[in-house]
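Have a look at the structure below before the remarks.
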Amino acid sequence: MTATFSAPKSIASWLGDEAENLLTYEAKVSQEMLHLPGADFVDRIFSKSDRNPQVLRSLQQLYSTGRLANTGYLSILPVDQGIEHSGAASFAPNPIYFDPENIVKLALEGGCNAVATTLGVLGMVSRKYAHHIPFIVKLNHNELLTYPNASDQIMFGSVEQAWNLGAVAIGATIYFGSEGSARQIQEVSKAFARAHELGMATILWCYLRNNAFKQDKDYHLAADLTGQANHLGVTIEADIIKQKLPECNGGYTAVAKATGNKYGRTHDKVYSELTSDHPIDLTRYQVLNCYAGRSGLINSGGASGDNDFATAVRTAVINKRAGGCGLISGRKTFQRPMDEGVKLFHAIQDVYLSEDVTIA
11 MTATFSAPKS IASWLGDEAE NLLTYEAKVS QEMLHLPGAD FVDRIFSKSD
61 RNPQVLRSLQ QLYSTGRLAN TGYLSILPVD QGIEHSGAAS FAPNPIYFDP
111 ENIVKLALEG GCNAVATTLG VLGMVSRKYA HHIPFIVKLN HNELLTYPNA
161 SDQIMFGSVE QAWNLGAVAI GATIYFGSEG SARQIQEVSK AFARAHELGM
211 ATILWCYLRN NAFKQDKDYH LAADLTGQAN HLGVTIEADI IKQKLPECNG
261 GYTAVAKATG NKYGRTHDKV YSELTSDHPI DLTRYQVLNC YAGRSGLINS
311 GGASGDNDFA TAVRTAVINK RAGGCGLISG RKTFQRPMDE GVKLFHAIQD
361 VYLSEDVTIA
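Residue numbers (the working numbering): 11 to 370.
Below you can see the structure in the form of structure tokens.
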């Protein structure tokens, strides 16, 4: 179990020695190039798109719920790790979350905009909670019982099942770069089209999976590669993109150098003019690839550790200042006592509510 949370701190205190750098940095790509979050985001962006009125209503419901209601920002609880990682790896640290109702309760008490979890979890409690908090059904998963373990997202439910239990959105993952990515792109594209027909919003986990991306650094977290994954995600009309916070850059050239084979296409200006080594610049490049922010970027909170509060606040500051639209926080919140999970959500949300944390 992670260390116990004590007294509240200011945002700057959580950032420690990085505070000035993260809170005052000016990004290389001007914010004027972006479509930034705001109370009018659905009207300003999606009302001009091909999304039907039912989708607009679902998006507005997402953006109008919880502590961040009507700010243009999202704070979402995702709990699909019971399949993705195993129930033991996910819930043994806090077994109350084997019970689906406690997952929804955490999202409600945490002031979240929505709860994103499996068909089974939401189906088990839908009549009690679907009208209290927006449901996002995560339709596909990577299971780890098959031997040898493989990375392949497969469908565990249908769009119609999500609609029937009262979901306002569906979520899915594509492992871009993996052997199964071509099939996953086609499956998820069809699911997203059907969800939009039925009036539900769409959220895509744009993850990378290929052993070639693991070189001197983990280029699964490279800004250039994750940025392209985001660009592919919005191409199949993901309304919101979920991506891991970038930690490096130069994935294209690193893979080509390591394998001795030409890999993909990029441009020198990506590294000289559009990004730098600063995390805000790296994340802004991710936003830029989400149609310059027309599809909102939410970054993931990552695994639970010893400094969850500081790490979560740091990620929120980077995402907000880069032009992203929020954070999706799972293991950091549900692998600890519920009251601490609630406080962690509030610490994250306070970043987006703070006028002192501005767009870089």
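Ideal Cβ placement from N, Cα and C applies to all residues, glycine included.
Under 8 Å, do Gly334 and Thr293 count as touching if we go by C-beta distance?
Yes, the Cβ-Cβ distance between Gly334 and Thr293 is below 8 Å.
Could you name each continuous alpha helix (DSSP H) segment of 4 residues or more that falls completely within the stretch 227 to 269, going from the start of the chain to the end?
Within the stretch 227 to 269, the complete alpha helix (DSSP H) runs of at least 4 residues are 233 to 245, 261 to 269.
Taking Asp291 and Ala37 to be in contact with their CB atoms under 8 Å, please state how far apart those CB atoms are, rounded to whole angstroms.
6 Å between Cβ atoms; contact.
Can at least three beta-carbon pairs, one atom from the stretch 72 to 80 and one from the stretch 120 to 137, be found at a separation below 8 Å?
Result yes; three or more Cβ-Cβ pairs closer than 8 Å.
Could you give the DSSP three-state label for His151: helix, strand or coil?
His151 falls in the strand class under three-state DSSP.
Quick one: is Ser40 buried, meaning 16 or more other Cβ sit within 10 Å of its Cβ, or exposed?
Classification of Ser40: exposed, given that the 10 Å Cβ count is below 16.
Please list the segments of the alpha helix (DSSP H) lying wholly inside the stretch 88 to 158, counting only runs of 4 or more residues, in order along the chain.
The qualifying runs are 91 to 94, 97 to 101, 110 to 119, 129 to 139.
From the DSSP output, which residues share a beta bridge with Ile86?
DSSP output for Ile86 lists Ala124, Ile338 as bridge partner(s).
Helix, strand or coil for Thr212? Go by DSSP, reduced to three states.
DSSP places Thr212 in strand when its eight states are reduced to three.
Around the Cβ of Thr14, are there at least 16 other Cβ atoms within 10 angstroms (buried) or fewer (exposed)?
Residue placement at Thr14 cannot be trusted, given a pLDDT of 44 that sits under 50; what the coordinates show is reported in the next sentence. Result: exposed.
Under a Cβ-count criterion, where at least 16 other Cβ atoms within 10 Å of its own Cβ denotes burial, should Leu132 be classed as buried or exposed?
It counts as buried.
Would you decide whether Leu231 is buried or exposed? Buried here means 16 or more other CB atoms lie within 10 Å of its CB.
Result: buried.
Assuming Gln296 and Gln253 form a contact by the criterion Cβ under 8 Å, report the distance between their Cβ atoms to the nearest whole angstrom.
Indeed they touch by this definition, with Cβ atoms about 6 Å apart.
Along the alpha helix (DSSP H) that carries Asn221, what are the first and last residues, could you check?
Where Asn221 is concerned, there is no enclosing alpha helix (DSSP H), given that its DSSP letter is neither H nor E.
Please list the terminal residues of the continuous alpha helix (DSSP H) segment that includes Ala172.
Where Ala172 is concerned, the enclosing alpha helix (DSSP H) stretches over 169 to 174.
Measuring alpha carbon to alpha carbon, tell me which of Ala172, Ala29, Lys138, Asp349 ends up nearest Arg204.
The shortest C-alpha separation from Arg204 is found at Ala172.
Going by other Cβ atoms of all chains shown within 10 Å of its Cβ, with 16 needed for buried, is Pro377 buried or exposed?
This structure leaves residue 377 out entirely; the chain is present only between 11 and 370.
Between Gly92 and Tyr229, what straight-line distance do the alpha-carbon atoms span, to the nearest angstrom?
The alpha-carbon atoms of Gly92 and Tyr229 are separated by roughly 26 Å.
With DSSP collapsed to three states, give me the class of Phe15.
Its pLDDT being 43, under 50, Phe15 is placed unreliably in this model, and the coordinates cannot settle the point.
Residue range of the beta strand (DSSP E) that Ile55 falls in?
First-last for Ile55: undefined, no H or E at that position.
Measuring alpha carbon to alpha carbon, tell me which of Ala322, Pro144, Glu365, Val327 ends up nearest Arg341.
Arg341 has its Cα closest to that of Ala322, out of Ala322, Pro144, Glu365, Val327.
Would you mind working out which of Gly209, Ala99, Ile184 sits nearest Leu155, comparing C-alpha positions?
It is Ala99 whose Cα lies nearest to the Cα of Leu155.
On the CB-based measure, 16 or more other CB atoms within 10 Å of its CB, does Pro144 come out buried or exposed?
Flag for Pro144 reads buried.
In the DSSP output, what is Met165 paired with across the bridge?
Answer by DSSP bridge pairing, in chain order: Asn150.
Just to confirm before moving on: does the CB-CB distance between Ile184 and Leu255 stay below 8 Å?
Result no, Cβ atoms of Ile184 and Leu255 do not sit closer than 8 Å.
Between Tyr281, Tyr217, Lys200, Ala179, which lies nearest to Met210 when the distance is taken from Cα to Cα?
Among Tyr281, Tyr217, Lys200, Ala179, the Cα nearest to that of Met210 belongs to Ala179.
State yes or no: is the beta carbon of Gln91 nearer than 8 Å to at least one beta carbon in chain D?
In summary, chain D is missing from the structure at hand, where a single protein chain is found.
What beta strand (DSSP E) runs, 3 residues minimum, are completely inside the stretch 297 to 322?
The qualifying runs are 306 to 310.
With Ile251 and Asn240 assumed to form a contact (beta carbons below 8 Å), what rounded beta-carbon distance in angstroms separates them?
Indeed, because the Cβ distance is near 5 Å, the residues count as touching under 8 Å.
At which residues does the alpha helix (DSSP H) containing Ala182 begin and terminate?
Taken as a continuous stretch (DSSP letters only), Ala182 belongs to no alpha helix (DSSP H), being part of the beta strand (DSSP E) at 179 to 186.
With H, G and I counted as helix, E and B as strand and the rest as coil, what does DSSP make of Gly76?
Gly76: coil per DSSP, three-state reduction.
Please classify Ala326 as buried or exposed, where buried requires at least 16 other C-beta atoms within 10 Å of its C-beta.
When all chains shown are included, Ala326 counts as buried.
Using the beta-carbon count (16 or more within 10 Å), is His277 buried or exposed?
Label assigned to His277: exposed.
Classify Ala49 as helix, strand or coil using the three-state DSSP reduction.
The answer is coil: DSSP assigns Ala49 none of H, G, I, E or B.
Looking at Tyr281: is its Cβ nearer than 8 Å to the Cβ of Asn259?
A contact, by the Cβ cut-off of 8 Å.
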